[in-house]
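Chains as they are written, first to last, in this note's numbering: chain Z, 1 to 492; chain P, 10001 to 11020. Every residue gets a Cβ at the ideal spot worked out from N, C-alpha and C, and that includes glycine. A short worksheet on the structure shown next.
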Amino acid sequence: MKKLKFLKYSVVAAVLVSFAGCNEILENVEPATSVSGEVVLTSADGVNALRSSMYSKMRESFAYRTEYFVAPSAFTDETRNRPGSTRYQGLGQAVGTSGTAHIASWGAHYNVIQDANLIIGAIGEGVLPAETLNRFRGEALAIRAFAKHNLVKVYGYDPGNFGQGELQGNWDLGVIIRTEPTIDLADADLRPRATVDQVYTQILQDLSDAKALLSGVNANNTFATEAFVDGLAARVNLYAGNYGAAVQAAQDAITNSGRTLQNSPGAVADMFDEGIGGHPEALFRLVVNPDTEGGGFNNDGPGTYTSTGFLAQLPTQFLIDKYDAGDYRLGWYRDCVTAQRIALNQPTGCASVNTEGFSLVKFNGARGNHVDDLPFIRLAEMYLIWAEAAAKAATNPNAAIGPLDELRTARNAGPTPASFASITEMEDFILDERMRELALEGHRFYDLKRLQRDIRNPDETIKMRFDSYRILPQIGTGLRNVNPLLEENPGY
Amino acid sequence: MLKKLLTVCTMVLLTSSVAFAQTGAIQGQVTDAETGETIPGANILVVELERGAASDADGNFRIANLRAGTYTVTATFVGYRTFRQAVQVQANQTTMLNISLQMGAVGLDELVVSGYAVTPKRELTGSIASVRSQDIQDVTLQNPESLLQGRAAGVNVTADSGNPGGAFRVSIRGNGSINAATQPLYIIDGVQISFSQQSGLTSTSPLNAINPNDIESIEVLKDASSAAIYGAEAAAGVVIITTKRGQAGRTQVTARAETGVRTLARNVDYITPDQYVQYLGEGAALNNGVSLDNDISAFIDGERNFLLGFFGEDPFNEGQLANTDWQDIIFSDGVTQRYNISVSGGDQTTTFRISAGYEDTEGTAFNADFTRLNLRTNIDHSISSRFRTSVGLNVSRSTQFGVCQDGNFINCPPSQAMFEAPMSFPFNADGSYNAFTRFGLPNNPAVQRDEVDRNVTVTQILSNINLIYRATDWLSMNGLVAVDYRNTEDEQFRSAIAAPGQGGWTTFANRNVRNFNTNLVVNARQTFDGVHNVSGLIGTEYRRNFSESQLVRGDGFPGPFFRVLSTTANPVTAAGTQTEWRRGSYFANAQYNYSERYFLNVVARYDGHSRFGSETRWGFFPAVSGAWRITEEDFFNVEFLDELKLRAGYGITGNSAIGNFASRGLYSAAGSYQGNTGLRPSQLANANLGWEEARELNIGLDYEFLQGRIFGAIDVYRKVNAELLFARPLPSDSGFGSITENIGKVQNQGIEFEISSVNVNTRDFTWSTRFNIAFMDNEILELPDRTPIGENNTFTALKEGSPIGLIQVPRYAGVNPADGRPMWLDGDGNITFNPVQADDAIEYKDGFANTVGGFGNTFNYRGLTLDAFFQFSFGQWAFPQTDYYFTRTPDFLMQMSTEVEGRWRQPGDMTSYPRAVIAGTNFIETANYRTQLSTQSIYNASYIRLKNISLSYQVPQRWASQVGLNNVRLYASALNLLTWTAWPWYDPEVAFGVNDIYGNVTAASYPTERQVNAGIEIRF
């Protein structure tokens, strides 16, 4: 009997102990849609996927679609809200003393930079063939430069304009420079804002490295190419006041892209339509395809804002009045009711923004739901940069006329002035030409800012003086609580 | 591991051919102590052996095959106090035991399920709230969470949604966590319920699998000393649900049928089109500098014509704007019916209870519906004197119409009811859909009603098998295997009318949960020298929770006749994922009491979890508690006091409810470019990530006096949740938003008071009362880097010293009498027209309900019972987002509440509502009235609700028996019949989701509904 009892207790004990050794079971649990960093950075598939992520982050981010394209127009005089619509109303209403709306997406750009930094600095040798890796690094450098320029042109004054603000002389802070990948916690250190000049130096360094790595890579404009690097370099150098370099880069972009200006009414009118024109002038177009990109985007794409859905930001009469009657580019303006694809709002009241009741159809999707490829830098901008930079490099306003005329002829824009009386007159004309050509392509606010012009309403009353501190956005306590080294812009 | 368990169990089985000892029996009759009438259906239990029987129609019972020895026998019956007595059983003899039960409320002899064991309430040292089946038998609710509302002190239950079958936010003793889930652990007969992969179409709960009619009791383990035995998942409390089981004796059949009507508990008043036109006309006039003492009819006509152009004219009233009451169209009364039948009985070796239930409850919002078919079988069988087994199997299939909600969605019924314009109308004169509703044809509410299907079907199996081996009289072993398998199918269909862009589409999501837990517990109980009672258990447990989902979508139907995927033109989405976590545990509990006077209880649990960093995978959760029954002391001799027990306990519990892979450095598949899926860094590694810990001190006093006529408890607690799993913000220029670390502390403290009384107790009439109230206080003690998070946020600011759910808004200062502009106060108290949140907001209120509870009265006259139960919640303030943005303030949605009628019109008007404006770009003067939240946008969400009232009539036995039945009961009940609140919108129950910790914002949630039912219950 005693033996039996002993047996029983040992059985009880044995069963309990048999449950031990759980640790192994607990460790063998793996996520289904994530992997460790090592797997990604040391395999060709992983690096390919990382590169896809970098482009995808641009496509996914509001900062690279509606904010990039529409906000600089809504903030200035190119668009206004259709009565009853509210999208981007805040930007239209923001004036020098009230309304805190601004164009400001800090994190979105650094998200793109994060992937770029990994491609640039964390891929071991031998993971990919050298040629492929060089190309990927070149693309990553170009995209990093693009993201950094998008950041610095919002958060800081442009080079040479550091005395622009009314509150504080010589305000030259730009944004944080981060060029190394964040692999572990120690890499996510706190940093102060670099100066604008330091940021521009970094951007130009990236672009020059990228150009070397992408030399001759121009076949596919849906990825960053040499021509895109040239185009971006032209833009950055123009902002930086390196006019000679800007002219050279713009010319390189034109040559390397192998593209030509569209010069017939139909080709100009339909060039933004992926299904018809197919973006023939795009130096870089980000592919947005609902079949492969998880449905694209719906309610917050530039198409939805401007034409196919909400019809919220319509071209102002002020903008439309800039064109001559025969200008082919008027083909981008179409009746708002017929252009609308999905009646997210009743298309009423378009005519109270412009008399014909137009919406601008640059972003009308070829594919279903407000989706079309996004052209980030276009050939036409190169001619405009070339013109402005050439004049300023030579301090001769008439040096602008050649490239200007080339563009205007292609567009049937009417006669180009034979001469400009002053640099300012040339600037005025180019500002107007930029509106005609690049309306809602993300330029108007930045052009006025870099040229230190007041922001005006469509009726030409002053909306925000150029020296208002509100030209720069607020960094905000959210970011600054996390990073005390981050200095706020003056006035906030 | 399961295999191992089975092998070992078989071995034990083989070794158990112990000689059968000589046995005896207990037999007797149960009677009412005052009247001497026999009591049928009373439960008699031999406590040590967990064996029982029910008294038959004559009150007789017999329990045989008892080994000789001394046992504790208890007898319980609804409305009577528990009988308890030690009985000596002799071999080959029948011991007579006649039991006379005293009327009165049940008290300290109640058995309470306290975690891996059952304990008499008198021996409890922690804080446990119980709800019994008799408290809830006529409450028509869909799921067990709702049964707790107001009935368990300190348990704050808030409806996340009013749709039938909707979920509840249950918070036990406040919000203890900020980033990990705050849901309690639910255990149904040993099955630990998973909340993974629920429907994406509507608010629902996995607890819908259980039919409330099958519930015997719900226990809430509130304090850490009682919950620590559940270790890492117990920080938010544990809810243990026990289902009804069969009793030996005559087979008893209970059938219930009920039907009822469900209506909206409350409507909101909106202005008419005429009033709206008047408003716009005033706005236009004022914009043009015309004051309102002039004739402004031209402006009014202008606005009317604009609206006529916008919406078209009323199809049945030429030239006029329509006047549609969308609330009437969207909400209509629903019918509910439910049927339950259960059969229970058994003999000395086998008892069973099988039950079936069917319910179909229509909600008020269009198409809202909940049906459930539920089958439950509980079988207990004694294999031999040493082996017992029990099986519980619960199979259920429920369907819900997936009402979309909780946001300002233009296609969801609750929000449409709020903001679709009264000037629009659903149908044209020819019966076709009106294409010119506020958001066009696809979002016409009638199209949403008739052209959209959202079906949720949940099939769930809950099952548990126990094998109990009684090694000796004092030592037993209990093995449990429990599964919770749930399949959820989300099917959504939109016709080409509702989705013109795609030519119609359909999606199908298949979601599976395979949740498994098993444990083995060794129980011991021994008494030495008659006074030293020692008991305890040690056990081990394993749980694996696996979940997966697949989602497909196809666009483009060839015509209105098809709706399945195969008929769509384009396959658009194919997505799917899976995830899991695992936990292994060891636990032990030792209890000692001296002569049932001094109690000591020690608990230890050691848990390992796959979610945590390699360095911190295992956590230790200890607790100690004690009690002193003062009334047992010789020196304490107060005549009217029956029981006074002082309890104190301290314990540590854990919260592991974070992402399954929160500790790992991860690259996630996300985004894609040109068809290539992206992989991107999503998370930095933290090998030191560990558990959240809740450290809680609880001191309580149980009391019972005047022979059980008054009893209850008071508990005081302080719970500090430390090592909070916090997403510590990282500088976003690093590319990462945050890293999950153990930082931060939140404290909840409070007092809970419960009292029940039998006020009148005569032979014909009894009146009993129950009341509970909990006062709670929530405070953030420590944050990462001691820095506020979202310091200036209106609703989500986290600050040390403040509660979670702080609301920060500028003060509203009314309307400028001169020009009708809204005014605010800035931080210094001066009038401003443009307040700035960061500078001018004050710490105004919070969304934490700090006083909750309930009270009820039961009146019993002969066979007639009236029960009224009220539930209340005070201290919560919230922002009604949809109501505010789209009906309280002028906006483009063209619907406004009647509040606007009190607006400013003339200079000198003293009012709080500003002047009329035209919506759109040109209402600068009051534009910020809509967007500037302030004290006037925050409402008090306190309420008292008549949660349940029921009237039942027990048809006298002599009538019932004439038709061959021994028990017939008729009843009527009503749910949410009356609500007293200052909240002017649909529903003051504010919870944005089941894990909403802030509680201060609500947006177009499905409102609570009222239900009136009548039914009959027959037993034979």
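{"Asked": "Helix, strand or coil at G295/Z according to DSSP, with G and I counted as helix", "Found": "Caution applies to G295/Z, whose pLDDT of 48 falls short of 50 and renders its modelled position unreliable; the model cannot decide the point."}
{"Asked": "E303/Z versus P11007/P: straight-line alpha-carbon distance, rounded", "Found": "Sequence check: residue 303/Z is Gly here, not Glu. Cα to Cα, the separation comes out at about 36 Å."}
{"Asked": "Beta-ladder partner(s) of F10401/P, from DSSP", "Found": "N10455/P"}
{"Asked": "Y377/Z at chain P interface by Cβ criterion, 8 Å", "Found": "The sequence shown places Ile at residue 377/Z, rather than the Tyr named in the question. Not an interface residue."}
{"Asked": "Anticipated Cβ contact below 8 Å, P10810/P with K10799/P, distance rounded", "Found": "Their Cβ separation, rounded to whole angstroms, is 17 Å, which puts P10810/P and K10799/P out of contact at 8 Å."}
{"Asked": "CB contact flag (L493/Z, L379/Z, <8 Å)", "Found": "Outside the displayed span of chain Z (1 to 492) sits residue 493/Z, for which this structure offers no information."}
{"Asked": "Distance CB(Y155/Z)-CB(W171/Z) smaller than 8 Å", "Found": "no"}
{"Asked": "The segment 10433-10451 of chain P touching the segment 10191-10211 of chain P, judged by at least three CB pairs closer than 8 Å", "Found": "no"}
{"Asked": "Residues near K10376/P in its chain [Cβ-Cβ closer than 6 Å; skip 5 each side]", "Found": "According to the sequence provided, residue 10376/P is Arg. The question's Lys does not apply to it. Result list for R10376/P: D10214, S10355, N10394, in chain order."}
{"Asked": "Interface flag, I176/Z vs chain P, CB-CB below 8 Å", "Found": "yes"}
{"Asked": "Pair within 8 Å by beta-carbon distance, W10691/P and S10738/P", "Found": "no"}
{"Asked": "For A10234/P and L10185/P, the rounded distance between their alpha carbons", "Found": "6 Å"}
{"Asked": "Proximal residues to P490/Z (C-beta, below 8 Å), its chain only, five neighbours per side dropped", "Found": "G165, L167, Q168, W171, Y469, L472"}
{"Asked": "Proximity to D10883/P [Cα-Cα], best of N10143/P, Y10116/P, P10988/P, W10767/P", "Found": "P10988/P"}
{"Asked": "Same chain, Cβ closer than 7 Å to A140/Z, five either side skipped, listed in chain order", "Found": "M54, A116, I119, I120"}
{"Asked": "Within chain Z, partners of W10581/P - CB distance below 7 Å", "Found": "V29"}
{"Asked": "Spatially closest choice to A10669/P from E425/Z, A32/Z, D373/Z, by CA coordinates", "Found": "A32/Z"}
{"Asked": "Within-8 Å CB hit, A11004/P to chain Z", "Found": "no"}
{"Asked": "Assigned secondary structure, G124/Z (DSSP; H/G/I helix, E/B strand, else coil)", "Found": "coil"}
{"Asked": "Partner residues on chain P for D115/Z, Cβ-Cβ distance less than 9 Å", "Found": "G10678, R10680, P10681, G10735"}
{"Asked": "Minimum Cβ-Cβ distance from E10791/P to chain Z less than 8 Å", "Found": "yes"}
{"Asked": "Buried versus exposed call for L486/Z [16 or more other C-beta atoms within 10 Å across all chains shown]", "Found": "buried"}
{"Asked": "Sub-8 Å separation of A10159/P and T10979/P beta-carbons", "Found": "no"}
{"Asked": "Within chain P, the residues that N481/Z reaches when beta carbons sit closer than 8 Å", "Found": "P10729, T10787, P10788, I10789, E10791"}
{"Asked": "As assigned by DSSP and simplified to three states, the class of R10514/P", "Found": "strand"}
{"Asked": "N10688/P versus E24/Z - alpha carbon distance", "Found": "18 Å"}
{"Asked": "G10237/P beta carbon less than 8 Å from that of D10607/P", "Found": "no"}
{"Asked": "Proximal residues to T10007/P (C-beta, below 8 Å), its chain only, five neighbours per side dropped", "Found": "The predicted position of T10007/P is uncertain, since its pLDDT is 44 and thus under 50; a value taken from the coordinates is nonetheless stated next. Closer than 8 Å at the Cβ level, and outside the excluded window around T10007/P, lies no residue."}
{"Asked": "Cβ-Cβ distance between D10189/P and T10242/P below 8 Å", "Found": "yes"}
{"Asked": "Alpha-carbon spacing of E10362/P relative to T10457/P, whole angstroms", "Found": "15 Å"}
{"Asked": "Beta strand (DSSP E) segment containing V10046/P, residue limits", "Found": "10043-10046"}
{"Asked": "Start-to-end residues for the alpha helix (DSSP H) that takes in H279/Z", "Found": "First-last for H279/Z: undefined, no H or E at that position."}
{"Asked": "Own chain residues within Cβ distance below 6 Å of V10521/P, not counting five before or after", "Found": "Y10116, N10478, L10537, G10539"}
{"Asked": "DSSP state of E78/Z mapped onto helix, strand, coil", "Found": "coil"}
{"Asked": "Cross-strand partners of N11013/P (DSSP beta bridge)", "Found": "G10260/P, S10973/P"}
{"Asked": "P10414/P versus S10161/P: straight-line alpha-carbon distance, rounded", "Found": "11 Å"}
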